[in-house]
Amino acid sequence: MKNKDKSREIVKIGIQKHLQGVILKEIEVIQNKYFQENYLDIRDKAFVKNLTLISIRNRGVIENVISKYLERPLPKRQIEIKAILIMGVAQLLFTRVEDYAAVNTTVNFFEGRLKKWRGFSNAILRKIIRKENYKSKKYDLSLNIPNWLLKLWVRQYGREETEKIINHIFKEPYLDLNIKKDFDYWKNEINGIEIMNNTLRLQKSGDPKKIKGYKEGAWWVQNLGAQIPVKLFGKIKNEKVLDICAAPGGKTAQLLNEGALVTALDISEKKNKKLMFNIYRLNLEKNLSVISIDFLKWNSKEKFDKILLDAPCSATGTVRKNPDVLWNKDEKDIERLSGVQSKLLSKAINTLSKNGILIYCNCSMQFKEGENIINFFLKKNEVKLLPIKAGELKLFPKEIFKNGMIRTLPYNYNQIDGLDGFFIARLIKK
Ligand SMILES: C[S@@+](CC[C@H](N)C(=O)[O-])C[C@H]1O[C@@H](n2cnc3c(N)ncnc32)[C@H](O)[C@@H]1O
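Going letter by letter, the sequence shown gives residues 934 to 1363 in this note's numbering.
In structure tokens:
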């Protein structure tokens, strides 16, 4: 295989895995292993990452185009065929790869047991080239959102807002670095834009390990939206904080950097190892203790005055960076997650001391994982809302403050090209 074909082979495997429900982060692990085994150079690696992302990001549009030119449906169990076609059409519609190269390299994948699909794939791609007029077409990006989710967002936010979300989330992602200290020094070292007095934004989200200051532990990757919850504790130097669902530790790092004494708890031992690796890299381990346990099974006699609960969620607020989140969950998952979030919050409230403060947050854009849960618990009357006021976060735009809580949407703060979608509420125990 020529180098480019090796690259496409791993793109194809990535898309195939995605169609089977494997999450993007795991696909990246598989791809990185393949890079090492096949000695791909930097350009080929970039090609693989880019084409995989483009294919997943535009999956809905691509599938829609393919379906227009199919005379009969693709065989359901042949995911490989679908993956190859998606890769081919992605190149035609969304890259600068020459049409002939996209067609030839795609058709060449149909060999061996797939050989009988060679003519079929060739015909489809050529029909698309002849009839689709894709060079000048503006595709309806809402096709990239599963119908049930699109309807839900429209119901929650209305058409106009949903349109703004759609116009934002399919753009290339950026990367935010939270700088531990010496901001001015690192601002000069790293080629990023200052979007807050501790945060640099890099326009390309490449391999963080290659960015200056990684080894020195000068920063950690953390979207501006994800930084808000910890800020809402105010001053926390020398205060004990229970950080529930802590891994991989972005908010843990923030808490420690503010001088808090942190107990970080996560169900996943593997993810906690990552958390510890990050915290040691940042040299912030002094006031940290880590517990690997299901919080629902945790038996602590101690009550905490400050608790952060960053509950597991559908992560739809991070879709710009993780386009697969739109595809690997369905309506039932949202219900299930909402149940888990409620149980975690109930237990967190039990672990909170009287007058203690609990910050509940997650990066979902569905009310069922945010507003609805909080409203339910407010009715139960064990906690009340400690309203978040715009004046507390003066550098953030007013549009994110809603009913004493925070709801960020990816297009908010458009001057800096947006931030991740987040929901945050601050509660106080009665
Ligand atoms: C959104 S991530 C947390 C991100 C983290 N707070 C940060 O800022 O980097 C959710 C985490 O919840 C953890 N989790 C899920 N169910 C849990 C449970 N029952 N008990 C403890 N942790 C849980 C997952 O392992 C995952 O690491």
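Positions of the beta carbon are idealized from the N, C-alpha and C atoms, including for glycine.
Since the model is a prediction, treat every value here as computed from it, not as a measurement.
Evaluate serine 1000 with the Cβ neighbour count: other Cβ atoms within 10 Å of its Cβ, from every protein chain shown; 16 or more gives buried, anything less gives exposed. Label assigned to serine 1000: exposed.
Top-ranked residue by Cα proximity to tyrosine 1346, from Phe1027, Leu1157, Ile946, Glu996: Taking only the C-alpha atoms, the option nearest tyrosine 1346 is Leu1157.
Serine 1225: beta carbon under 6 angstroms from a heavy atom of ligand 1? For ligand 1, not one heavy atom lies less than 6 angstroms from the Cβ of serine 1225.
Using only the heavy atoms of ligand 1, determine whether one of them is closer than 6 angstroms to the beta carbon of aspartate 1199. Aspartate 1199 Cβ: within cutoff of ligand 1.
CA-to-CA distance, asparagine 1211 to aspartate 1199, given in whole angstroms: Taking C-alpha positions only, aspartate 1199 is separated from asparagine 1211 by approximately 15 angstroms.
Is DSSP giving arginine 1359 helix, strand or coil here? Reduced to three states, the DSSP call for arginine 1359 is strand.
Simplified DSSP assignment, three categories, for threonine 1284: Here DSSP, grouped into helix, strand and coil, assigns threonine 1284 to coil.
Whose C-beta lies closer than 6 angstroms to the C-beta of asparagine 1216 among residues of the same chain, with five residues either side of it excluded? Excluding residues within five positions, the ones whose Cβ falls inside 6 angstroms are Gly1150.
In whole angstroms, what is the alpha-carbon distance linking glutamate 1302 and arginine 1269? Each residue's alpha carbon lies about 10 angstroms from the other.
Reducing DSSP to helix, strand and coil, say where threonine 1038 ends up. Threonine 1038 falls in the helix class under three-state DSSP.
Three-pair Cβ contact test at 8 angstroms for the stretch 1018 to 1031 versus the stretch 984 to 1003: These segments touch.
Using the rule of at least 16 other Cβ atoms within 10 Å of the residue's Cβ for burial, across every protein chain shown, is alanine 1358 buried or exposed? When all chains shown are included, alanine 1358 counts as buried.
Got a sec: does ligand 1 put a non-hydrogen atom nearer than 6 angstroms to the Cβ of glycine 1182? Yes, since a heavy atom of ligand 1 falls inside the 6 angstroms radius drawn around the Cβ of glycine 1182.
Per DSSP, isoleucine 1292 forms a beta bridge with which residues? DSSP output for isoleucine 1292 lists Leu1241, Arg1359 as bridge partner(s).
With a CB to CB cut of under 6 angstroms and the five nearest residues on each side skipped, what residues in its chain are close to leucine 1135? Hits under 6 angstroms: Leu1108, Gly1125.
What is the C-beta distance between isoleucine 1102 and arginine 1253, in whole angstroms, given that I count them as a contact (C-beta under 8 angstroms)? In this structure isoleucine 1102 touches arginine 1253 by the C-beta definition: roughly 5 angstroms separates them, less than 8 angstroms.
Give the DSSP-derived three-state secondary structure of leucine 1342 in the structure shown. Three-state DSSP puts leucine 1342 in coil, outside helix and strand.
Please go through the same chain and pick out, in chain order, the residues whose beta-carbon is closer than 8 angstroms to the beta-carbon of isoleucine 1128, but skip the five residues on each side of it. Correct list, in chain order: Asp1109, Arg1134, Leu1157, Ile1349.
Cβ-heavy atom distance, phenylalanine 1355 to ligand 1, below 6 angstroms: Checking the 6 angstroms criterion, the Cβ of phenylalanine 1355 is out of range of every heavy atom belonging to ligand 1.
Using alpha carbons as the reference points, say which of Asn991, Ile1112, Pro1256 lies closest to alanine 1023. Taking only the C-alpha atoms, the option nearest alanine 1023 is Asn991.
Could you tell me whether any non-hydrogen atom of ligand 1 is closer than 6 angstroms to the CB of alanine 1186? Distances from the CB of alanine 1186 to the heavy atoms of ligand 1 are all 6 angstroms or more.
Per DSSP, which one or two residues make a beta bridge with arginine 1134? Bridge partners of arginine 1134: Asp1109, Ile1126.
On a Cα-Cα basis, can you pick out the residue from Phe1300, Asn1130, Leu1194 that is closest to alanine 1248? The shortest Cα separation from alanine 1248 among Phe1300, Asn1130, Leu1194 belongs to Phe1300.
When you compare the stretch 1078 to 1094 with the stretch 1007 to 1021, are there three or more beta-carbon pairs, one atom per stretch, that lie closer than 8 angstroms? Counting C-beta pairs closer than 8 angstroms gives fewer than three between the stretch 1078 to 1094 and the stretch 1007 to 1021, which falls short of the contact rule.
Heavy atom of ligand 1 within 6 angstroms of proline 1162 beta-carbon: For proline 1162, the shortest separation between its Cβ and any heavy atom of ligand 1 does not lie below 6 angstroms.
Classification of valine 962 by the beta-carbon crowding that lies within 10 angstroms, buried from 16 upward: Per the 10 Å Cβ criterion, exposed.
Following a CB-centred definition, is cysteine 1178 positioned closer than 6 angstroms to any heavy atom of ligand 1? Yes, Cβ of cysteine 1178 sits closer than 6 angstroms to a heavy atom of ligand 1.
8 angstroms contact criterion, which glutamate 1185 and serine 1233 should meet: CB distance rounded: Residue 1185 is actually threonine in this sequence, not glutamate. Actually they are not in contact, since the Cβ atoms of threonine 1185 and serine 1233 sit about 18 angstroms apart, beyond 8 angstroms.
Buried/exposed call for alanine 1281, threshold 16 Cβ in 10 Å: That one is buried.
For ligand 1, is there any heavy atom lying closer than 6 angstroms to the beta carbon of aspartate 1243? Because some heavy atom of ligand 1 lies under 6 angstroms away, the Cβ of aspartate 1243 counts as near it: yes.
Do the CB positions of tyrosine 1344 and glycine 1351 come within less than 7 angstroms of each other? Remark: C-beta atoms of tyrosine 1344 and glycine 1351 approach each other more closely than 7 angstroms.
Check whether the stretch 1333 to 1340 and the stretch 1138 to 1147 touch, using three or more Cβ-Cβ pairs below 8 angstroms as the test. Because the criterion of three Cβ pairs below 8 angstroms is not met, the stretch 1333 to 1340 and the stretch 1138 to 1147 do not touch.
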